[in-house]
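**Student:** The sequence shown lines up with residues 515 to 614 when you count with our numbering.
Glycine included, C-beta positions come from ideal geometry on N, C-alpha and C.
Note that the structure is predicted; figures quoted are calculated from it, not measured.
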Amino acid sequence: MIDDNGRMLLFSQSDMQIIVMEARTYLEFYNLTEFPQRAFVILSARDGGNILRDEYVDEVLRFDRLMTNSLSDRVEMPERSCYPLCQLNRPFHMVLVSLT
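1) From Thr539 to Arg579, what distance separates their C-alpha atoms?
2) Here's the rule I'm using: 16 or more other beta-carbon atoms within 10 Å means buried, otherwise exposed. How should Tyr570 be labelled?
3) Secondary structure at Leu689, three-state DSSP: helix, strand or coil?
4) When you compare the CB positions of Leu575 and Leu610, do they come within less than 8 Å of one another, or not?
5) Asp518 by DSSP, collapsed to three states: which one?
6) For the alpha helix (DSSP H) holding Val611, just list the boundary residues, first then last.
7) Of the residues Thr582, Pro592, Glu590, Met591, which one's Cα is nearest the Cα of Gln601?
8) Among Asn564, Cys596, Asp529, Leu566, which has the Cα closest to the Cα of Tyr544?
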């Protein structure tokens with residue numbers, strides 16, 4: 515749980531140990547020294563049906579383009595701000611494009 519100041523509230527000492535261990539594992543796996551800026555969005559069909567239907571796939575791709583364009587780097591940097599996760603959605607895009 516996060517408080518109004520953005521600080522993580524923990525319920526026990528063991529919660530903190532688990533969070534620290536997961537964070538270290540994540541950074542080590544991607545060979546990072548700090549966390550990249552990122553966001554995750556989970557989409558579902560309003561009617562509870564399959565989101566891979568044609569009418570939904572087009573909307574998902576449109577939303578993805580909108581978010582990608584609005585969050586793209588606007589200043590010259592040696593690495594993109596999404597590094598190393600810039601291609602994280604690539605397999606998802608390949609599946610969606612094959613369905614359209």
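**Tutor:** On the basis of the data shown:
1) 31 Å
2) buried
3) Shown here, the chain extends from 515 to 614; a query on residue 689 therefore has no answer.
4) yes
5) coil
6) 604-613
7) Thr582
8) Cys596
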